[in-house]
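> After the structure tokens below, expect a handful of questions from me.
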Amino acid sequence: GGHLLELRDLHVEFRTNEGVARVINGVSYHLDAGETLAVLGESGSGKSVTAQAIMGILDTPPAFVRSGQILYQGQDLLTRSEEQRRQVRGKEIAMIFQDALSALNPVFPVGWQIGETLRQRAGMSRGDARRRAIELMDLVKIPGAAKRIGDYPHQFSGGMRQRVMIAMALALDPKVLIADEPTTALDVTVQAQIMDLLADLRRELNMAMILITHDLGVVAGVADRIAVMYAGRIVEHADVRSLYKAPAHPYTKGLLESIPRMDVRGQELSTIKGLPPNLMRIPSGCPFHPRCPYVQQVCVDVVPHDLVLGDGRTSECHFAQEVRDDSAR
Ligand code: SF4
Ligand code: MG
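First residue of the sequence shown? That's 17 in UniProt numbering, and the numbers climb one at a time after it.
If you want it as structure tokens, here you go:
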């Protein structure tokens, strides 16, 4: 059978005055019901743009899908009619963003904003929408939901605003929730609470989730699989456990070595040297080669394609096997 959501060889470009930036260069991934996929990468790696393409919210122009497919329940969203896409986006697939404050309208009470979605898209009456808005605020564990429904966004803390945005995203019972850096703007304690909430909701509602983040630290307890992005490509894809245990791409290995480990004292954290590539001039061969400690001449000359390592693991590295064996711990 097909997957709930599947991207096939997606290419996205930005047209700029200086030239064409190739921001997504053949991304494929899939998501099944109830599953959580973490999409990990530095800023500019293409992880948010991929999500924007799914949601149909690429800034056009200059950003556009050059080729590829975005299949939802087997139907390509890119070739559906505007009306058919609207049925899917926001309803079947919902998205939350890093910055709740700018996603919410400052001049309307939060309950009204949650209710607006229900009135507009589910045709609910004012009273029903209001009752459902309170239920949704309860669901995301906003204390005293019934009392707070008339409050404005600025009257909530950052974490509570994020919960309001999650409530809005859940209003139409989506099957897929895309969370783009949902905790980046929050302090560490609140981050953990929001991640716990998302994990609980995913289970309770049996949603599938795409969790986009630059922070490998937040995905461990939440995701089933991780897709690591670099220069608009998925360079490594694996289940969380095997990826943590033995990354098979030097970039992933570098990311893992740059986060503190609970079980190692007095460790020296390393960082990945160099900068992400200019997407208008992506390096030849392996796009990671200027930063890679494993680089060989073949890396400069030949683009690596997915090396399949078993258990559904893949790595876009000529030396994936060696890197994995080298990083096994
Ligand atoms: Fe490094 Fe070469 Fe692997 Fe690229 S293909 S990640 S340059 S070893
Ligand atoms: Mg982003």
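For each residue, glycine too, the CB sits at the ideal point set by N, CA and C.
#1: Given a cut-off of 8 Å, decide if L94 and V235 are closer than it, judged by their beta-carbon atoms.
#2: Could you pull the DSSP bridge partners for N41 from this structure?
#3: Under 8 Å, do A195 and L227 count as touching if we go by C-beta distance?
#4: Between the stretch 217 to 225 and the stretch 37 to 50, can you find at least three pairs of beta-carbon atoms closer than 8 Å?
#5: Where G84 and S258 are concerned, what is the direct C-alpha to C-alpha distance, given to the nearest angstrom?
#6: Would the C-beta of H305 count as close to the ligand SF4, meaning under 7 Å from any of its heavy atoms?
#7: When you compare the stretch 122 to 132 with the stretch 141 to 160, are there three or more beta-carbon pairs, one atom per stretch, that lie closer than 8 Å?
#8: Can the beta-carbon of I112 be found closer than 8 Å to that of I165?
#9: Buried or exposed: which applies to H334, given that a residue is buried once 16 or more other Cβ atoms fall within 10 Å of its Cβ?
#10: Where does S331 land, buried or exposed, given buried means 16+ other C-beta within 10 angstroms?
#11: The ligand SF4 and F335: does the residue's C-beta get closer than 7 Å to at least one heavy atom of that ligand?
#12: Which runs of the beta strand (DSSP E) at least 3 residues long sit entirely within the stretch 166 to 198? Give them in chain order.
#13: DSSP puts A110 in a beta bridge; with which residues?
#14: Could you name the residues of the same chain whose beta carbon sits closer than 7 Å to that of P78, not counting the 5 residues immediately before and after it, in chain order?
#15: Please tell me whether, using a cut-off of 7 Å, the distance from the CB of P320 to the nearest non-hydrogen atom of the ligand SF4 is below it.
#16: Which word fits E99, buried or exposed, when buried means at least 16 other C-beta atoms lie within 10 angstroms of its C-beta?
#17: When the distance is taken between beta carbons, is G248 closer than 8 Å to L323?
#18: From the DSSP output, which residues share a beta bridge with R102?
#19: State the start and end residues of the unbroken beta strand (DSSP E) segment that holds M245.
#20: Tell me whether F124 is buried or exposed, calling it buried when 16 or more other Cβ atoms sit within 10 Å of its Cβ.
#21: Roughly how many angstroms lie between the CA atoms of L53 and V238, to the nearest whole one?
#22: Looking at the structure shown, is Q337 part of a helix, part of a strand, or coil, going by DSSP?
#23: Thinking H265 and V251 are a contact (beta carbons under 8 Å), I'd like their distance in whole angstroms, please.
#24: Report the option in V43, G62, Q209 and G42 whose CA atom is closest to the CA atom of P292.
#25: Taking 7 Å as the cut-off, is the beta-carbon of Q312 closer than that to any non-hydrogen atom of the ligand SF4?
#26: So who's on the other strand from M225, going by DSSP bridges?
#27: Using CA atoms only, rank isn't needed, just tell me which of A67, L20 and E22 is closest to V39.
#28: Closer than 7 Å: is that where the CB of P266 sits relative to any heavy atom of the ligand SF4?
#29: Between G174 and V206, how many whole angstroms is the CB-CB distance? I'm expecting something under 8 Å.
#30: Is the Cβ-Cβ distance between L188 and A119 less than 8 Å?
#31: Does DSSP put Y310 in a helix, a strand or coil?
Once the coordinates are examined:
#1: No; because the gap between Cβ atoms is not below 8 Å, this pair is not in contact.
#2: In the DSSP assignment, N41 is bridged to H27.
#3: Taking 8 Å as the cut-off, the beta carbon of A195 is found closer than this to the beta carbon of L227.
#4: In short, these stretches touch, since the Cβ pair count reaches three.
#5: So the two alpha carbons sit approximately 29 Å from each other.
#6: Yes - the ligand SF4 has a heavy atom lying nearer than 7 Å to the Cβ of H305.
#7: Contact between the stretch 122 to 132 and the stretch 141 to 160 is present: three or more C-beta pairs spanning the two stretches fall below 8 Å.
#8: I112 is not a Cβ neighbour of I165, given a cutoff of 8 Å.
#9: Buried, since its Cβ has 16 or more Cβ neighbours within 10 Å.
#10: Under the 10 Å beta carbon count, S331 is surrounded by 16 or more other beta carbons and is classified as buried.
#11: Checking the Cβ of F335 against the ligand SF4 gives yes.
#12: Within the stretch 166 to 198, the complete beta strand (DSSP E) runs of at least 3 residues are 192 to 196.
#13: Beta-bridge pairing links A110 to L193.
#14: Closer than 7 Å at Cβ, skipping near neighbours: F30, R31 and T32.
#15: Result yes, Cβ under 7 Å from the ligand SF4.
#16: That one is exposed.
#17: No. Outside cutoff.
#18: Here R102 is not bridged, per DSSP, to any residue.
#19: Counting along the chain, the unbroken beta strand (DSSP E) around M245 starts and ends at R241 to Y246.
#20: By the neighbour-count rule (16 or more Cβ atoms within 10 Å), F124 is not buried but exposed.
#21: If you take the alpha carbons of L53 and V238, they lie about 9 Å apart.
#22: Look at Q337 here: in three-state DSSP terms it is helix.
#23: With a Cβ gap of about 5 Å, H265 and V251 count as contacting.
#24: Residue nearest to P292 within the set V43, G62, Q209 and G42 is G62 (criterion: CA-CA distance).
#25: Look at Q312: its beta carbon is less than 7 Å from one of the heavy atoms in the ligand SF4.
#26: According to DSSP, M225 bridges with T52 and L193.
#27: Taking only the C-alpha atoms, the option nearest V39 is A67.
#28: Relative to the ligand SF4, P266 has its C-beta within less than 7 Å of a heavy atom.
#29: Between V206 and G174 the Cβ distance is about 7 Å, and since that is below 8 Å, they are a contact.
#30: Between L188 and A119, the gap from beta carbon to beta carbon reaches 8 Å or more.
#31: Residue state, collapsed to three classes: coil.
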